[in-house]
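Residue numbers (my numbering): 11 to 126.
Where a beta carbon is used, it is the ideal one built from N, C-alpha and C, also for glycine.
Computed from a prediction, not measured in an experiment: that's the story for all the values here.
Following: one structure in structure tokens, then a few remarks.
Now the structure itself:
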């Protein structure tokens, strides 16, 4: 019985260490994505992902994507302001990466113009 208790304690310690490593690694990965691609990605329930741009003009400016086979852009107040880019890059070119790149450039240019 004592031997089993020790094994359980050992497994619990190992499990705790693995959780800490995963937490640290996932935080570092999220930060790397943010620094490299300019978007903070938050996973929400029901396979929904919130993307917040490094260059967003307001803290509530974000996009929502739902993973259902592919990725589907859900409407948000912010996405409603991007209708031309959505039409061109998502509906005609069928490219989320190009849409996100164009949006990043657009937000960056707006930020640069307002700061000068």
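According to the neighbour-count rule (16 or more other Cβ atoms, all chains shown, within 10 Å of its Cβ), is residue i buried or exposed?
i	result
residue 66	buried
residue 18	exposed
residue 46	exposed
residue 99	buried
residue 88	buried
residue 78	exposed
residue 63	buried
Going by CA-CA distance only, name the one from the options that's closest to residue i.
i	options	result
residue 55	15, 46, 39 and 75	75
residue 93	110, 78 and 80	110
residue 58	101, 80 and 48	80
For residue i, write down the residues that DSSP places opposite it in a beta bridge.
i	result
residue 76	58 and 82
residue 52	60
Could you compute how far the alpha carbon of residue i sits from the alpha carbon of residue j?
i	j	result
residue 25	residue 16	14 Å
residue 40	residue 11	43 Å
residue 82	residue 90	15 Å
residue 106	residue 117	16 Å
residue 113	residue 122	14 Å
residue 104	residue 84	15 Å
residue 44	residue 69	15 Å
residue 72	residue 22	39 Å
residue 115	residue 14	59 Å
residue 27	residue 34	11 Å
residue 29	residue 50	22 Å
With a threshold of 7 Å, establish whether the CB of residue i neighbours any heavy atom of the ligand ADP.
i	result
residue 25	No copy of the ligand ADP occurs in the structure displayed, which carries no ligand at all.
Which residues in the same chain as residue i place their Cβ atom closer than 6 Å to its Cβ, once the five residues preceding and following it in sequence are excluded?
i	result
residue 52	60
residue 108	99
Going along the chain, which residues of its own chain have a beta-carbon closer than 7 Å to the beta-carbon of residue i, five neighbours each way excluded?
i	result
residue 86	72, 73 and 74
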